[in-house]
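Number of protein chains: 2
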Amino acid sequence: MKVVVDAMGGDNAPREIVKGAVAAVKQYGMQVILVGDEQEIRRELESCGGDKLKKIEVVHAEEKVEMDDSPSQILRTKRNSSIHQGLRLVKQGDGAAFFSAGNTGAVMACAKMILKTLPGIDRPAIAAVMPTVKGATVMCDVGANVDCKIENYVQFAIMASAYASLIMHKEKPSVGLMSVGEEDVKGNDITKNVFKFLSELGKSGVIDFYGNVEGKDVFKGTSDVIVVDGFAGNVALKVSESAGWYVSQMLKEELRSSLLTKIGAILLIPALKRIKKRADHSEYGGAPLLGVNGVCIIGHGSANETAVKYSVKMAHDLAVKHLNGLIAESIAESVKVLNVDKEDSFWNNIVEKFKRKTI
Amino acid sequence: MKVVVDAMGGDNAPREIVKGAVAAVKQYGMQVILVGDEQEIRRELESCGGDKLKKIEVVHAEEKVEMDDSPSQILRTKRNSSIHQGLRLVKQGDGAAFFSAGNTGAVMACAKMILKTLPGIDRPAIAAVMPTVKGATVMCDVGANVDCKIENYVQFAIMASAYASLIMHKEKPSVGLMSVGEEDVKGNDITKNVFKFLSELGKSGVIDFYGNVEGKDVFKGTSDVIVVDGFAGNVALKVSESAGWYVSQMLKEELRSSLLTKIGAILLIPALKRIKKRADHSEYGGAPLLGVNGVCIIGHGSANETAVKYSVKMAHDLAVKHLNGLIAESIAESVKVLNVDKEDSFWNNIVEKFKRKTI
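Listed in order, the protein sequences are those of chains R and S.
Numbering-wise, full-length UniProt numbering puts 91 at position 91 of the first sequence, and it's gapless, one number per residue.
Numbering-wise, full-length UniProt numbering puts 167 at position 167 of the second sequence, and it's gapless, one number per residue.
In structure tokens form, the structure reads like this:
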């Protein structure tokens, strides 16, 4: 089972990508195909001692996608980019999973076009792992779909639940619906409707539906999964990252403010490092693009060797554990349990659509 | 100029509310009308030495609103509650501003019904002050409107800009639009349209439009104001508050983990206190409900004496500085500069509606 790695994607490509891939091969023993400018990749492999590893293959890609290229343009014009090439390898079955820290929009667009979506999935979604006081929570979607319909939320819930079950080792992770209050009646027009569908899936045991959660529940770890539209999810993710940055900025300033605080700070270095490590969730690797027919992991543009190593491991593990098989099963189960015989034309409409697309 | 205070609203009412009002009167010399159970209020006034102050009046209210009462029910059935009574005093001109730390939904509903909205405003919105590395930023809406139309966002921008100009002492605060990327083309269907209207207001100088901002810009203080729908705004606000709590939880645990860290922590107590103070924005008082015809400040349910004191001062200051006059002027200016003669029926439709409601 080979992981295909886009060696050219990300701010630190190809160096950190190649080093991360080599580290993954050395530490976990998996096979990797590096895709990109062959000459550059070979040079990096040599400089980090990866050129001797038989488990690493290199596939040349003519073109390179820049971080500010428009996704639709890349989709049409850069068919020989490392992203296209890498995804085609997965499509053909030469690789079991794909990882890229490159242009997120381009990876999403190309993955949807090349790998296609799983049966029953309209739109792929990005799931991010957030740190909580209890461990971690999976938030989905965090930016792939900024305008969502009811069926999209329902699919996010099913996909994220399958993903969380694998990474958290829980059979049925609890799934919360992001809202503005915890009571069942709280929410906007669409989340109130989504609530009914998720309740139905919850009653039937397809997912473990917790109910509504709020922004404050993210770090509390109230539910294992939080379902949210890609707009609010993206805002929540970026606010969270930025809040950590804000606190660390203040800490840095205040700890330098006097001799006593400087001494105190030195004594606290190990504790502060531990906090940084706890708040850092890079060990979960990149964020999977759930719902495409093939494992596809998107890394942060700033991904370094360690982040790449974990992401490659994650891509491999999700393929081994049949993430997509699990999602497909769960979708099929949902289709069975969602009734179309309710006296509610709105409900029936959504379910009909869901079933049509799935079968 | 009297500030009307709902003495019965909030988790710590009436004690902390009365103490806060007394502190505001003593420190800033304003006049206050306390509304609620007269006997209870008099008792609290006596116990904190407020019974001798001539600047404090008490108005009895028969009914009390509970935190979990449904807003629509309160609106109809509890017409003698301290919220109704207090807002009527403002409506009649006996008070210049209203403050309550009670049931937010009830205060919003009653304020809209009793005070009515300002000309040109469809729906009132809540503005929250967030701490940033540069000082503060005003986010609006943070929960009053979970389903927004284009004209609502435009009104939020105008109202929040007026509010920010008063509390930040800037003639034209910069106004950012919350989105999922900073480029002009980023956003969901509705924010992309809102972007065009805000750009037009920016070009005409009614507001200083910065462009799109992202979740990570909240703590950076990229813009003075952030315009957002009440759903994503509420999520952002609660995630922010919760992120601070999360970091402090980790700090507490880690600082207790060894003797060295305990010593370090003791040396850092003053620095940590300063950080807490910087991240705390209670000095800005509660959150104003912008757009109602009368100043109305909503406090946190957990508001203590200090928070109430600042909120009462804020309510007073916003009335003195004619917040609502400023909003009305700005709305009138917008109506003038937004053109209906564009070759875009969608645009014309929104502007027509906006103008009709305003005139």
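Quick reminder that beta carbons are idealized off the backbone N, C-alpha and C, glycines included.
Unbroken beta strand (DSSP E) run spanning residue i, endpoints
| i | result |
| --- | --- |
| GLU333/S | Here GLU333/S belongs to no beta strand (DSSP E); instead the alpha helix (DSSP H) covers 323–337. |
| THR132/R | 125–132 |
| ASP6/S | 2–6 |
| ALA136/R | 135–140 |
| VAL295/R | 295–298 |
| LEU268/R | LEU268/R -> not in any beta strand (DSSP E); alpha helix (DSSP H) instead, spanning 259–279. |
| residue 360/S | With chain S covering only 1 through 359, there is no way to say anything about residue 360/S. |
| LEU118/R | Run containing LEU118/R: none; DSSP gives neither H nor E here. |
| VAL225/S | 225–227 |
| ALA97/S | 97–100 |
| ALA287/R | 287–290 |
| VAL58/S | 56–60 |
Inter-residue CB distance, residue i and residue j (contact presumed, cutoff 8 Å)
| i | j | result |
| --- | --- | --- |
| VAL213/S | GLU182/S | 7 Å |
| GLU305/R | ALA23/R | 6 Å |
| SER242/R | LYS220/S | 7 Å |
| ASN188/S | PHE231/R | 5 Å |
| HIS316/S | MET1/S | 7 Å |
| CYS122/R | LYS357/R | The question names Cys, but residue 122/R in the sequence shown is Asp. The pair is a contact, with the Cβ atoms about 7 Å apart (cut-off 8 Å). |
| THR137/R | ILE226/R | 6 Å |
| VAL59/S | LEU89/S | 7 Å |
| VAL4/S | GLY95/S | 4 Å |
Exposed unless 16 or more other CB atoms sit within 10 angstroms - verdict on residue i
| i | result |
| --- | --- |
| ASN145/R | buried |
| residue 367/R | Examination of residue 367/R is not possible in this model, given that chain R is present from 1 through 359 alone. |
| ASN80/R | exposed |
| residue 371/S | With chain S covering only 1 through 359, there is no way to say anything about residue 371/S. |
| GLY49/R | exposed |
| LYS195/R | The sequence shown places Phe at residue 195/R, not Lys. Classification for PHE195/R: buried. |
| GLU44/R | buried |
| LEU323/R | buried |
| SER257/S | exposed |
| LYS134/S | exposed |
| GLY29/R | exposed |
| GLU20/R | Per the sequence shown, the amino acid found at residue 20/R is Gly instead of Glu. Label assigned to GLY20/R: buried. |
| SER302/R | exposed |
| LEU259/S | exposed |
| ILE33/S | buried |
| VAL18/S | buried |
| ARG76/S | exposed |
| GLY294/S | buried |
| GLU46/R | exposed |
Chain-ordered chain S contacts of residue i [CB-CB under 7 Å]
| i | result |
| --- | --- |
| GLU254/R | ALA271, ARG274 and ILE275 |
| ARG278/R | MET250 |
| TYR246/R | VAL133 and PHE219 |
| ALA232/R | PHE231, ALA232 and VAL235 |
| LEU260/R | LEU267 |
Amino acids of chain R, ordered along the chain, whose beta-carbon sits closer than 7 Å to that of residue i
| i | result |
| --- | --- |
| THR222/S | Simply none; closest approach about 10 Å. |
| ILE263/S | LEU267 |
| GLY143/S | VAL180 |
Alpha helix (DSSP H) segment containing residue i, residue limits
| i | result |
| --- | --- |
| ASP208/R | Unbroken run through ASP208/R is the beta strand (DSSP E), 208–213; no alpha helix (DSSP H). |
| THR77/S | 71–77 |
| VAL175/S | No alpha helix (DSSP H) holds VAL175/S; the beta strand (DSSP E) holding it covers 174–178. |
| GLY36/R | Segment 31–36 is the beta strand (DSSP E) holding GLY36/R; no alpha helix (DSSP H) there. |
| SER242/R | 230–255 |
| HIS316/R | 305–320 |
| GLU16/S | 15–28 |
| LYS192/R | 189–203 |
| LYS91/S | 82–91 |
Cβ-heavy atom distance, residue i to the ligand HEM, below 7 Å
| i | result |
| --- | --- |
| ALA106/R | Inclusion of the ligand HEM in the displayed structure is not the case, the ligand content being empty and no account of it being possible. |
Interface residues of chain S facing residue i [CB-CB closer than 9 Å]
| i | result |
| --- | --- |
| THR117/R | Within chain S, no residue comes near THR117/R; the closest Cβ sits about 21 Å away, beyond 9 Å. |
| ASP189/R | VAL146 and ASP147 |
| GLY215/R | ASN234, VAL235, ALA236, LEU237, LYS238, VAL239, SER240, GLU241 and SER242 |
| LYS72/R | First, the residue type needs correcting, since residue 72/R is Ser and not Lys in the sequence shown. Ordered by position in chain S, no residue passes the 9 Å Cβ test against SER72/R, which lies about 11 Å from the chain. |
Amino acids of chain S, ordered along the chain, whose beta-carbon sits closer than 8 Å to that of residue i
| i | result |
| --- | --- |
| MET8/R | Chain S residues near MET8/R: none, gap ~22 Å exceeds 8 Å. |
Proximal residues of chain R, C-beta to C-beta of residue i below 8 Å
| i | result |
| --- | --- |
| MET178/S | VAL235 |
Chain R contact residues for residue i, given Cβ-Cβ distances below 9 Å
| i | result |
| --- | --- |
| SER174/S | Correct list: empty, because the minimum Cβ distance to chain R is about 18 Å. |
| SER330/S | Within chain R, no residue comes near SER330/S; the closest Cβ sits about 26 Å away, beyond 9 Å. |
| SER257/S | PRO270, ALA271 and ARG274 |
Determine contact between the stretch 152–161 of chain S and the stretch 127–135 of chain R, defined as no fewer than three beta-carbon pairs at a distance below 8 Å. no
Should the stretch 244–263 of chain R be regarded as contacting the stretch 264–276 of chain S, the criterion being three or more beta carbon pairs within less than 8 Å? yes
At a cut of 8 Å, does the stretch 322–333 of chain R reach the stretch 23–38 of chain R through at least three beta carbon pairs? no
Do the stretch 190–207 of chain R and the stretch 108–119 of chain R make contact, defined as three or more Cβ pairs closer than 8 Å? no
Are there three or more Cβ pairs, one per stretch, closer than 8 Å when the stretch 171–182 of chain R is compared with the stretch 307–316 of chain R? no
May I ask you to verify whether the stretch 339–354 of chain S touches the stretch 58–78 of chain S, counting CB pairs closer than 8 Å and requiring at least 3? no
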